[in-house]
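Visitor: These protein sequence lines are chains A and B, in that order.
Start counting at 1 in the first sequence, then tack on 36, and there's your number in our numbering.
Start counting at 1 in the second sequence, then tack on 36, and there's your number in our numbering.
There are 2 protein chains.
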Amino acid sequence: MPNKKSHSSALHEKAGISPPEIISAAVVKNIQQFRKTQPSSTELVNGILEGNITALSRAITLVESTNPDHLAKANEVINACLSHANKSVRIGITGVPGVGKSTFIEAFGKYLTSLGKKVAVLAVDPSSTISHGSILGDKTRMEELVKDPNAYIRPSASGETLGGVARKTRETITLCEACGFDTIIIETVGVGQSETAVHSMVDFFLLLKIAGAGDELQGIKRGIMEMADAIVINKADGDNIKKAKLAKTEFNRALHLFPAKKSGWIPTTATCSAVTHEGIPEVWETIEKFLKLTKSNSYFDTKRAEQNEYWMLETINEQLKLNFFNNPDIQKLMDLTKKAVQNDETSPFAAAQLLLEKYFKE
Amino acid sequence: MPNKKSHSSALHEKAGISPPEIISAAVVKNIQQFRKTQPSSTELVNGILEGNITALSRAITLVESTNPDHLAKANEVINACLSHANKSVRIGITGVPGVGKSTFIEAFGKYLTSLGKKVAVLAVDPSSTISHGSILGDKTRMEELVKDPNAYIRPSASGETLGGVARKTRETITLCEACGFDTIIIETVGVGQSETAVHSMVDFFLLLKIAGAGDELQGIKRGIMEMADAIVINKADGDNIKKAKLAKTEFNRALHLFPAKKSGWIPTTATCSAVTHEGIPEVWETIEKFLKLTKSNSYFDTKRAEQNEYWMLETINEQLKLNFFNNPDIQKLMDLTKKAVQNDETSPFAAAQLLLEKYFKE
Numbered sequence: 037m038p039n040k041k042s043h044s045s046a047l048h049e050k051a052g053i054s055p056p057e058i059i060s061a062a063v064v065k066n067i068q069q070f071r072k073t074q075p076s077s078t079e080l081v082n083g084i085l086e087g088n089i090t091a092l093s094r095a096i097t098l099v100e101s102t103n104p105d106h107l108a109k110a111n112e113v114i115n116a117c118l119s120h121a122n123k124s125v126r127i128g129i130t131g132v133p134g135v136g137k138s139t140f141i142e143a144f145g146k147y148l149t150s151l152g153k154k155v156a157v158l159a160v161d162p163s164s165t166i167s168h169g170s171i172l173g174d175k176t177r178m179e180e181l182v183k184d185p186n187a188y189i190r191p192s193a194s195g196e197t198l199g200g201v202a203r204k205t206r207e208t209i210t211l212c213e214a215c216g217f218d219t220i221i222i223e224t225v226g227v228g229q230s231e232t233a234v235h236s237m238v239d240f241f242l243l244l245k246i247a248g249a250g251d252e253l254q255g256i257k258r259g260i261m262e263m264a265d266a267i268v269i270n271k272a273d274g275d276n277i278k279k280a281k282l283a284k285t286e287f288n289r290a291l292h293l294f295p296a297k298k299s300g301w302i303p304t305t306a307t308c309s310a311v312t313h314e315g316i317p318e319v320w321e322t323i324e325k326f327l328k329l330t331k332s333n334s335y336f337d338t339k340r341a342e343q344n345e346y347w348m349l350e351t352i353n354e355q356l357k358l359n360f361f362n363n364p365d366i367q368k369l370m371d372l373t374k375k376a377v378q379n380d381e382t383s384p385f386a387a388a389q390l391l392l393e394k395y396f397k398e
Numbered sequence: 037m038p039n040k041k042s043h044s045s046a047l048h049e050k051a052g053i054s055p056p057e058i059i060s061a062a063v064v065k066n067i068q069q070f071r072k073t074q075p076s077s078t079e080l081v082n083g084i085l086e087g088n089i090t091a092l093s094r095a096i097t098l099v100e101s102t103n104p105d106h107l108a109k110a111n112e113v114i115n116a117c118l119s120h121a122n123k124s125v126r127i128g129i130t131g132v133p134g135v136g137k138s139t140f141i142e143a144f145g146k147y148l149t150s151l152g153k154k155v156a157v158l159a160v161d162p163s164s165t166i167s168h169g170s171i172l173g174d175k176t177r178m179e180e181l182v183k184d185p186n187a188y189i190r191p192s193a194s195g196e197t198l199g200g201v202a203r204k205t206r207e208t209i210t211l212c213e214a215c216g217f218d219t220i221i222i223e224t225v226g227v228g229q230s231e232t233a234v235h236s237m238v239d240f241f242l243l244l245k246i247a248g249a250g251d252e253l254q255g256i257k258r259g260i261m262e263m264a265d266a267i268v269i270n271k272a273d274g275d276n277i278k279k280a281k282l283a284k285t286e287f288n289r290a291l292h293l294f295p296a297k298k299s300g301w302i303p304t305t306a307t308c309s310a311v312t313h314e315g316i317p318e319v320w321e322t323i324e325k326f327l328k329l330t331k332s333n334s335y336f337d338t339k340r341a342e343q344n345e346y347w348m349l350e351t352i353n354e355q356l357k358l359n360f361f362n363n364p365d366i367q368k369l370m371d372l373t374k375k376a377v378q379n380d381e382t383s384p385f386a387a388a389q390l391l392l393e394k395y396f397k398e
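Quick look at the structure:
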């Protein structure tokens, strides 16, 4: 389409101004704007410590970036924020889709801000890589909380691996805490490995359930129940109240079959309604009791130190694997090797040895 | 003690023979003997395929060696054995100490050899690193089976990591199968992570229990119950029979709370007595039913292919970690870094980044 000139290009001709000049001016403006949006790490840290939400959001964007320069800057910001963090309580909330996580977090979060708390809501969503954020992605699901000046909601980071997504959320916690948020809620969906990742970054782990028609225990992963510090049966309103109370009893019995927790805490069960707000204050009371116990028996601090070490080692392990499996020579060999191993043409160990020799020779 | 000559040295003087000559002859003899005990990999493979137990034991010793030359030779032997392996059934047996694993395996193994089967009994023992083999270490606990020409018992390998110990056992399975053993029993103790490792190398996973005084479910790790294809309550003899039957009912109810298995198999419960041999043939019947089902729905082959891939990736991950954490420069920095991370002086991610940069720069 040689004759189809753009509207602005035609304008330039009419005005007798050469298009390159105008473009150049636009580029300069862009660069200026770009510079404006790229504050230094000191500016970011100062902003965060003053409670500036824009600075917080920008720093989180750096954390989530895959650009190596951004990574270095993000590490600077996080390290500077560290001594200002750590005064919060970190609460993990999980539950399968349909259990009412968003409405619960909205009701719970509003209750917390009414107590004068500053609440940050983050997410670890293993599906976010594909859907670009399926939980918390739609902030309108928390209409009230999103308007609350004492609440900050950030959708899940996306990434190639769950480990990467979880790491970014773990780093975001530090930034939110330095920004003055004293209650961090981390939402995750009740399937797969994401609970383990969230459990490794929170002080208190809450499993949200609803009363079903039949056997309440059917289909829950035992590992998730084992992690729970409390099981809360949501949607205990209207016709559902009786069923919810029955479910509570059944979960309570099941919880007692588990070995005692290192924290000394005995997991609790409760019912609540995110609609009527019944039971919501009691959830917070439970968490306060938990904090009192674990701070007095020093479990709280011990666990946080262990979690820090865990995240250091996890980050190392993940980077070692990424470096290996993203190596172009390894990638070339991998499919062939996997097939040979699956078909018993070579042993898994000889195959691994071959790939490792190739990798370390370079 | 300059005047204390050895008896033989005094003899040499009396006989007028210079000691060095004799020593030299002894060394030559030693070397000859050493060569005799170091068959080539081809000799080992031929021996194994002929069902020679000495060749099998020597090859397993190579697998368990930490000498890199032995590793290469072990891989050669395993690869040559691969096409001759895989006709067996691999059975994992777990249970806490005191449940009677040894007596059960002895009774079960004897029953299998009476059916004309060739039975190899291996172990994955996470404590073997410290105790140098606490389970199966004392072969006298299986007095009858150890004398059986159709049975082969090998204690757990020892190693620095559970992953390493498990890998060696996984490799030993291939050698045993090539040597003609058609039923491989892998014992592990019912604590910690070793069950997961064993579960990843067997076709059928059996959880051994005894009837207790009270709540049968108390204290079992849910993950282990979730892996079980059958729960067998041992020591169902004498006064114990009634209690064992009650326990069976209780376990049966608990098992039905778990999600359906990919294999299509519904886990079973049974009672048995390793003393009276009651219920032992039924355990084998159950395994036969399992094999019939999973071979007809192709789960058996799919799972084995998946297990092969799993062991390749696990070996790679373990070697990557070992290479990193055994690096002298990393080791020098590690303690300092861990402390800084635990005390919130640096973030887990910045610390990991620092160590990784150091590692990859070399």
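Note that the Cβ used here is the ideal one computed from N, Cα and C, for glycine as well.
Predicted, not measured: the structure shown is a model, and the values here were computed from it.
The alpha helix (DSSP H) with Glu398 of chain A in it runs from where to where?
Guide: Neither: Glu398 of chain A is in no alpha helix (DSSP H) and is coded neither H nor E.
Visitor: State yes or no: is the beta carbon of Phe360 of chain A nearer than 8 Å to at least one beta carbon in chain B?
Guide: Phe360 of chain A counts as touching chain B.
Visitor: What's the call for Asp239 of chain B, buried or exposed, on a 16-neighbour Cβ count within 10 Å?
Guide: Its Cβ being crowded by 16 or more others within 10 Å, Asp239 of chain B is buried.
Visitor: Mind listing which residues of the region 113-146 of chain A have their C-beta closer than 9 Å to chain B's C-betas, in chain order?
Guide: Against chain B - using a Cβ distance shorter than 9 Å - the residues of the region 113-146 of chain A are Ile114, Asn115, Cys117, Leu118, Ser119, Ala121 and Asn122.
Visitor: Kindly list, in the order they appear in chain B, the residues whose Cβ is closer than 7 Å to that of Asn353 of chain A.
Guide: In chain order: Lys357.
Visitor: Are there 16 or more other CB atoms within 10 angstroms of the CB of Ile89 of chain B, so buried, or fewer, so exposed?
Guide: Label assigned to Ile89 of chain B: exposed.
Visitor: Does any residue of chain A have a CB that is nearer than 8 Å to the CB of Asn344 of chain B?
Guide: True, the Cβ-Cβ gap to chain A drops below 8 Å.
Visitor: Mapping the DSSP letters down to three states, classify Ile221 of chain A as helix, strand or coil.
Guide: Three-state result, Ile221 of chain A: strand.
Visitor: Does the beta carbon of Gly200 of chain A come closer than 8 Å to any beta carbon on chain B?
Guide: Chain B contact via Cβ: absent.
Visitor: Just the chain B side, please: which residues come within less than 8 Å of Asn111 of chain A by C-beta, in chain order?
Guide: The contacting residues are Ser383, Phe385, Ala386 and Gln389.
Visitor: Taking only three categories from DSSP, how would you classify Val132 of chain B?
Guide: Correct three-state label for Val132 of chain B: coil.
Visitor: Is there a Cβ of chain B sitting closer than 8 Å to that of Ala264 of chain A, yes or no?
Guide: So, not an interface residue.
Visitor: Relative to the alpha-carbon of Asn363 of chain B, which residue among B:Gly152, B:Leu391, B:Asn111 and B:Ser383 has its alpha-carbon at the smallest distance?
Guide: Looking at the Cα atoms, B:Leu391 is the closest of the given residues.
Visitor: Is the Cβ of Trp301 of chain B closer than 8 Å to any Cβ of chain A?
Guide: Trp301 of chain B does not count as touching chain A.
Visitor: Would you call Arg94 of chain B buried or exposed, if buried means 16 or more other Cβ atoms sit within 10 Å of its Cβ?
Guide: It counts as buried.
Visitor: Interface residues of chain A around Val377 of chain B at Cβ under 9 Å?
Guide: Ala341, Asn344, Glu345, Trp347 and Met348, listed in chain order.
Visitor: Let me know if Gln254 of chain B comes out buried or exposed under the rule of 16 or more other beta-carbons within 10 Å of its beta-carbon.
Guide: Reliability of the predicted coordinates at Gln254 of chain B is poor, the pLDDT of 46 falling under 50, and the value obtained from them is presented with this limitation in mind. Label assigned to Gln254 of chain B: exposed.
Visitor: In the DSSP assignment, find the unbroken beta strand (DSSP E) run with Ile352 of chain B in it and report its ends.
Guide: Segment Tyr335 to Phe361 is the alpha helix (DSSP H) holding Ile352 of chain B; no beta strand (DSSP E) there.
Visitor: Measure the beta-carbon distance from Thr208 of chain B to Gly128 of chain B and round it to whole angstroms, keeping in mind my assumption that it falls under 8 Å.
Guide: Contact flag wrong, Cβ pair sits at about 14 Å.
Visitor: Comparing alpha-carbon positions, which option in A:His235, A:Ala266, A:Glu354 and A:Val311 lies nearest Ala272 of chain A?
Guide: It is A:Val311 whose Cα lies nearest to the Cα of Ala272 of chain A.
Visitor: Exposed or buried, Phe396 of chain B, counting other C-beta atoms within 10 Å across all chains shown (16 or more means buried)?
Guide: So Phe396 of chain B counts as exposed.
Visitor: Please go through the same chain and pick out, in chain order, the residues whose beta-carbon is closer than 8 Å to the beta-carbon of Ala264 of chain A, but skip the five residues on each side of it.
Guide: Hits under 8 Å: Phe241, Leu242, Leu243, Leu291 and Pro303.
Visitor: Rounded to the nearest angstrom, what separates Lys394 of chain A and Leu211 of chain B at their Cα positions?
Guide: Cα-Cα distance, rounded: 26 Å.
Visitor: Kindly say whether Thr210 of chain B, judged by its beta-carbon, lies nearer than 8 Å to any beta-carbon of chain A.
Guide: Judged by the 8 Å Cβ criterion, Thr210 of chain B is in contact with chain A.
Visitor: With a threshold of 8 Å between beta carbons, is Gly259 of chain A in contact with chain B?
Guide: So yes, Gly259 of chain A belongs to the interface.
Visitor: Hey, Met178 of chain A and Val377 of chain B: beta-carbon distance below 8 Å or not?
Guide: Contact: no.
Visitor: Taking Ala91 of chain B as the reference, which of B:Leu329, B:Glu100, B:Glu79 and B:Ser101 has the closest Cα?
Guide: Nearest of B:Leu329, B:Glu100, B:Glu79 and B:Ser101 to Ala91 of chain B, Cα basis: B:Glu79.
Visitor: Please compile the residues from chain B whose C-beta is within a distance smaller than 9 Å of the C-beta of Leu392 of chain A.
Guide: Near Leu392 of chain A (Cβ distances below 9 Å), the residues of chain B are Thr351, Ile352, Gln355, Leu356 and Asn359.
Visitor: Taking the alpha carbon of Gln355 of chain A as the point to measure from, which residue in B:Pro384, B:Ala388 and B:Ser334 has its own alpha carbon closest?
Guide: For the residues B:Pro384, B:Ala388 and B:Ser334, the minimum Cα distance to Gln355 of chain A belongs to B:Ala388.
Visitor: Less than 8 Å separating the beta-carbons of Val234 of chain B and Val160 of chain B?
Guide: Cβ atoms of Val234 of chain B and Val160 of chain B: closer than 8 Å.
Visitor: Please list the partners that Lys374 of chain A has in chain B, where partner means a Cβ-to-Cβ separation under 8 Å.
Guide: Per Cβ cutoff of 8 Å: Glu345 and Met348.
Visitor: Is the region 138-154 of chain B in contact with the region 196-203 of chain B, if contact means three or more CB pairs nearer than 8 Å?
Guide: Result no; under three Cβ-Cβ pairs closer than 8 Å.
Visitor: Is the shortest distance between the beta-carbon of Arg289 of chain B and the beta-carbons of chain E less than 8 Å?
Guide: The structure shown has no chain E; the protein chains it does contain are A and B.
Visitor: Starting from the Cα of Thr351 of chain B, find the closest Cα among B:Lys204, B:Val132, B:Phe336 and B:Thr330 and give me that residue.
Guide: Ranking B:Lys204, B:Val132, B:Phe336 and B:Thr330 by Cα distance to Thr351 of chain B puts B:Lys204 first.
Visitor: Would you say Asp380 of chain B reaches chain A, if we count a Cβ-Cβ gap shorter than 8 Å as a contact?
Guide: Answer yes: the Cβ-Cβ gap between Asp380 of chain B and chain A drops below 8 Å somewhere.
Visitor: Check whether the region 324-340 of chain B touches the region 367-386 of chain B, counting contact only when three or more Cβ pairs, one atom from each stretch, lie closer than 8 Å.
Guide: Segments in contact, no.
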